[in-house]
Amino acid sequence: MTPPLSSSIIGPSGNDSANNASRLLTLLHHAGGEATRAELTAELGCGRSAAGYALSDLVNRGLVRVDDRPTARRGDGSGSGPGRPSHHVHVAATSPVALAAHLRVDTLDVAVIELGGRVLRVEREPIEVRPDVASIFLRITRLLRKLGREAGRPIAGIGVSMPSPVRTEDGYALEPRHLEWAGVPTRDLVREGLDEPWPVHVGNDANLAALAEHRHGAGRGAHQLLYLTTEHIGIGGALITEGTVFGGARGYAMEVGHTTADADGPRCSCGSRGCLELVADTRALMRAAYLPDSPVTGIEYRARVLIEAAERGDPAATQAVDHISTLLGSGIAGLINVLDPDRILLGGLLAKLYPLGAARIAAEMAERSFLERAVPVPVLPATLDCAALLGAAELVLDHVLQTLQVPAPAE
Ligand SMILES: [Zn+2]
Numbered sequence: 067m068t069p070p071l072s073s074s075i076i077g078p079s080g081n082d083s084a085n086n087a088s089r090l091l092t093l094l095h096h097a098g099g100e101a102t103r104a105e106l107t108a109e110l111g112c113g114r115s116a117a118g119y120a121l122s123d124l125v126n127r128g129l130v131r132v133d134d135r136p137t138a139r140r141g142d143g144s145g146s147g148p149g150r151p152s153h154h155v156h157v158a159a160t161s162p163v164a165l166a167a168h169l170r171v172d173t174l175d176v177a178v179i180e181l182g183g184r185v186l187r188v189e190r191e192p193i194e195v196r197p198d199v200a201s202i203f204l205r206i207t208r209l210l211r212k213l214g215r216e217a218g219r220p221i222a223g224i225g226v227s228m229p230s231p232v233r234t235e236d237g238y239a240l241e242p243r244h245l246e247w248a249g250v251p252t253r254d255l256v257r258e259g260l261d262e263p264w265p266v267h268v269g270n271d272a273n274l275a276a277l278a279e280h281r282h283g284a285g286r287g288a289h290q291l292l293y294l295t296t297e298h299i300g301i302g303g304a305l306i307t308e309g310t311v312f313g314g315a316r317g318y319a320m321e322v323g324h325t326t327a328d329a330d331g332p333r334c335s336c337g338s339r340g341c342l343e344l345v346a347d348t349r350a351l352m353r354a355a356y357l358p359d360s361p362v363t364g365i366e367y368r369a370r371v372l373i374e375a376a377e378r379g380d381p382a383a384t385q386a387v388d389h390i391s392t393l394l395g396s397g398i399a400g401l402i403n404v405l406d407p408d409r410i411l412l413g414g415l416l417a418k419l420y421p422l423g424a425a426r427i428a429a430e431m432a433e434r435s436f437l438e439r440a441v442p443v444p445v446l447p448a449t450l451d452c453a454a455l456l457g458a459a460e461l462v463l464d465h466v467l468q469t470l471q472v473p474a475p476a477e
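Its first residue numbered 67, the sequence shown is counted upward by one per residue in the working numbering.
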């Protein structure tokens, strides 16, 4: 059997041509849904006739389409430059889509996403303070049913991103603490609210955002990708190891926001004291600038205004950004010692803060991690909008990439 190109590209077993088709579709997916036939054939590495057979298979299944006429090959950044004209291959408008939902503390996003990680439609609704579990899940499933009906495409399934550690086995969200909820059987609640037998997958928001960055964003090609993010409240973390989310024994791993940064620090909602997210998240940034730190009303917007003030050289804003960057660098140093990443991505507000805080973060990393001093780990801002939504869709689209199955269109 032809070996897979990477660990994240695994086809159906026992059939070389189906395996080639699965790998080809995965290459197209990772290329953003469009590539030339020549590029795909070269990357597939199984010979032109086998690649042609795989491509025909995908066309016949309604998963991809090939332009009628060849056009000049675009530069692919590999230094090979434009080549001979080649047919362009696209994700087909008959291919299945994923429905994705991303629950945040203040908003609910629901999207339709196709192969290639293309977001076809997003709907956002505000979330009230301390929302009721049942009413939120009624809203999620109402939106999913509506988008599924209106998509005009076969629905491969549902992916849900939760602001909580999520148990792999059954999609149970252990503690969506910032929503002030106890455990939520997320997969069961979504299934109960649907009238179609769509498969439902659930993941932690930071894990899903990191997965999307690894496949479609600034994490492409990393072997051990460490991801940290902060948005409205808290700090989320994830490790993508050889293309796979590192979940620990049950799926709860990488709660980096709850590593101890100050043993005598203030009490955290998790029950511990001085957790990293208490001293280095969006609320902490606001407090460091002596500004209101309530997470309820538009704190992300106010934090962005603060960072923009630091960009203009405002002393109080600069001091706050420096303070948070130092604590963040210290937290990252500990994670480097434990995880030995080959790339670190900062998402959400941290991506915005990073250009100002890079020097302090790097200095703390070097001072506190001997592994960092031996081999510095590149730190980059994350690049994707809607990363958690895209990651939720990945959970669904993986099944399409592996089985090449196209479900019947939604009624
Ligand atoms: Zn904590």
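Note that beta-carbon positions come from the ideal geometry of N, C-alpha and C, so glycine has one too. Keep in mind the model is a prediction, meaning the values are calculated, not measured.
Within this structure, are the beta carbons of residue i and residue j separated by less than 7 angstroms?
i	j	result
E109	H156	no
A87	L467	no
I306	E343	no
A429	A166	no
G303	L294	yes
A355	A382	yes
L456	G183	yes
L393	A346	yes
W264	G223	yes
A448	A278	no
H154	T92	no
H168	A453	no
Are there 16 or more other CB atoms within 10 angstroms of the CB of residue i, so buried, or fewer, so exposed?
i	result
L461	buried
D328	exposed
N126	exposed
L226	Reading off the sequence, residue 226 comes out as Val, not Leu. When all chains shown are included, V226 counts as buried.
S115	exposed
R253	buried
G474	What sits at residue 474 in the sequence shown is Ala, not Gly. Its Cβ having fewer than 16 others within 10 Å, A474 is exposed.
N85	buried
V371	exposed
Would you mind working out which of the options sits nearest residue i, comparing C-alpha positions?
i	options	result
L558	T137, R135, V130	Summary: the structure shown does not reach residue 558, with the chain confined to residues 67 through 477, and so no result is reported for it.
L94	D82, R114, T325, V132	V132
D388	G397, V371, L351	L351
A177	R170, V171, V163	V163
I206	E189, I221, A304	E189
I193	A399, T392, T325, V171	V171
G337	G400, L357, E241	E241
P151	T326, A104, L169, H282	A104
S83	A97, T102, G283, S122	S122
A248	M228, S435, R316	M228
L479	I402, L450, R426	A query on residue 479 cannot be resolved here, the shown segment of the chain reaching from 67 to 477 and no further.
R378	P421, G113, D271	P421
Y367	H298, A117, S435	H298
G314	A453, L213, T234, G118	T234
T325	D134, V250, V185, V404	V404
For residue i, name the three-state secondary structure that DSSP assigns.
i	result
A175	The question names Ala, but residue 175 is Asp in the sequence shown. Looking at D175 - three-state DSSP - the assignment turns out to be strand.
T307	strand
E194	coil
T296	strand
A350	helix
R478	Because residue 478 is not part of the residues shown, which for the chain are 67 to 477, the question remains open.
E100	strand
E377	helix
P407	coil
R89	helix
I365	helix
Q290	strand
Q468	helix
G337	coil
Where residue i and residue j are concerned, what is the direct C-alpha to C-alpha distance, given to the nearest angstrom?
i	j	result
H267	D408	28 angstroms
P231	T160	35 angstroms
A417	L446	8 angstroms
L291	L463	21 angstroms
I202	R215	20 angstroms
F312	M320	8 angstroms
G364	S335	21 angstroms
D406	D198	40 angstroms
D175	V195	16 angstroms
D261	A424	49 angstroms
S391	A369	14 angstroms
E433	P220	53 angstroms
L106	G218	28 angstroms
A440	T137	47 angstroms
G259	A97	34 angstroms
R426	G111	44 angstroms
H289	L419	25 angstroms
G395	A386	14 angstroms
D316	A272	Here residue 316 turns out to be Arg, not Asp, going by the sequence shown. Each residue's Cα considered, the two are about 16 angstroms apart.
G413	L124	35 angstroms
P358	C341	20 angstroms
V256	L213	14 angstroms
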